[in-house]
C-alpha cells in the first residue's frame, strides 16, 4: 500500500533538536504536513483539535510521558485507532513489552536512521 | 561537676544556639567532649574502668573529628561540586550550540537548488566547512568531562578513605533509602533513560518482540 505523503503527522518530543531531526527525516521521505508538540499533554490537546494520520512520540517527557499519552490515546474512542510509533532511548525489554501491551504500533530505539523510520512507518500502514 | 565545668557547658550550649537551630554531628561530638571532660573528676573517683572507657570514647571522638576535617566537606560543597555543575552546564550549552550549527548547515544544503551547479557546489562546500568547525566542540567537551570525572574521583577517594578510617565498612550496612517522588514516578512510568551499549534490546530484538511474540509469551515474562 502506497503511503499517503499528505497525511498530517504529529511529532512529540521535549527535545527541540530531536523534533528537528525527525521533521527533516520525514521531509526527506516526502511527508509534507508535520506538526509537533513538546510533551504528552500538549500532544493530546492538539490531537483533540486535529485528526492526525500518525503520531511519532518520545517516551521520556514531562509532565506527561509518551507512554501515558499512548495509553490515553488508546482509551479515547475518537483517537484509539490512530497509528502510534514510539521513538525512544528507553530500550529495556519491559519498556517494549509495556508499549506493546498499551497498543503501540511500532517501536524505534534511538539513535535511528531514515531507513529505519521509513521501514517502521511502512510497516504500520501495511498492517 | 565543678562550677567551671558547668560554665563551659552553658557556654557551649549558648554558642551552639546562636549558630543555628539545627543540631549537627559536630555539635553532638562537641557536647560529648564537654560532658565527658566535666564528668571526668567524679567518675575517676567512682570507677577507674569507666574513666578508661570514657578516655577511649573521648579519643575516638577526637579521631572522628580529625577524619571529618580531612574529608574537607566545605571544599567539596563550595568548590568541587559547583564547579562540576558549571562544567556540565557548559557541556549541555556547547553541544546544543554545535548541534544547532550542524543542523543549520544540513538544512541549508537540503534547501539549496541543485540545478544551479556552481551555486550548489559553493553552498555545499561552505556548509560542510561550518559542520567541520562545529565538530570542534567534541574536543572541548572531552576536556570538560575529564574535569567532572576528576571531581567525582576526588569525592569518591575522600569518602572511601573516610569510611575506611572510621572502620565503618564491615560494621554498618546501608540503611534502606526511602523512595522519593521522582523515583516513584520513574518506576511507575518505566523511565530508565538510555542504556549502555549492549545493555538494552536492539532494534532487531524489538522488531521480533513486536512481530512474532504473542500476548501469552509476554504474559509469561511477568509470571
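Residue numbers (UniProt numbering), protein chains in the order written: chain A, 1 to 127; chain B, 1 to 223.
Glycine included, each C-beta is placed from N, C-alpha and C at the ideal position.
All of these numbers come straight from a predicted model, not from anything done at the bench.
Check                                                                                                                       : Outcome
CB contact flag (residue 41(A), residue 64(A), <7 Å)                                                                        : yes
Under 8 Å by beta carbon: chain A residues contacting residue 110(B)                                                        : 24, 27 and 28
Where residue 88(A) falls: helix, strand or coil (DSSP)                                                                     : strand
Where residue 91(A) falls, given that 16 or more other Cβ within 10 Å makes a residue buried                                : buried
Nonlocal neighbours in the same chain, by C-beta distance under 8 Å from residue 223(B), ignoring five residues either side : Residue confidence is low: residue 223(B) scores 48 on pLDDT, short of 50, so the model does not pin down where it sits. Its coordinate-derived value is still stated next. Answer for residue 223(B): no residue qualifies.
Limits of the alpha helix (DSSP H) - the one that residue 52(B) falls within                                                : 48 to 71
Beta carbon proximity, residue 114(B) to chain A, threshold 7 Å                                                             : no
Buried or exposed (CB count within 10 angstroms, at least 16 for buried), residue 160(B)                                    : exposed
Three-state secondary structure assigned by DSSP to residue 78(A)                                                           : coil
Residue 95(B), DSSP secondary structure in three states                                                                     : helix
Assigned secondary structure, residue 106(A) (DSSP; H/G/I helix, E/B strand, else coil)                                     : strand
Beta-carbon separation (whole angstroms), residue 108(B) vs residue 123(B), contact threshold 8 Å                           : 6 Å
Beta-carbon neighbours of residue 203(B), restricted to chain D and to distances below 8 Å                                  : In the displayed structure, chain D is absent; the protein chains listed are A and B.
DSSP beta-bridge partners of residue 57(A)                                                                                  : 12(A) and 86(A)
Within-7 Å CB hit, residue 46(A) to chain B                                                                                 : no
Segments assigned alpha helix (DSSP H), at least 4 residues, entirely inside the segment 139 to 218 of chain B              : 181 to 188 and 203 to 211
Closer than 7 Å to chain B by CB, residue 51(A)                                                                             : no
Interface partners of residue 91(A) on chain B, CB under 7 Å                                                                : 195, 200 and 201
Interface residues of the segment 7 to 18 of chain A facing chain B [CB-CB below 8 Å]                                       : 17
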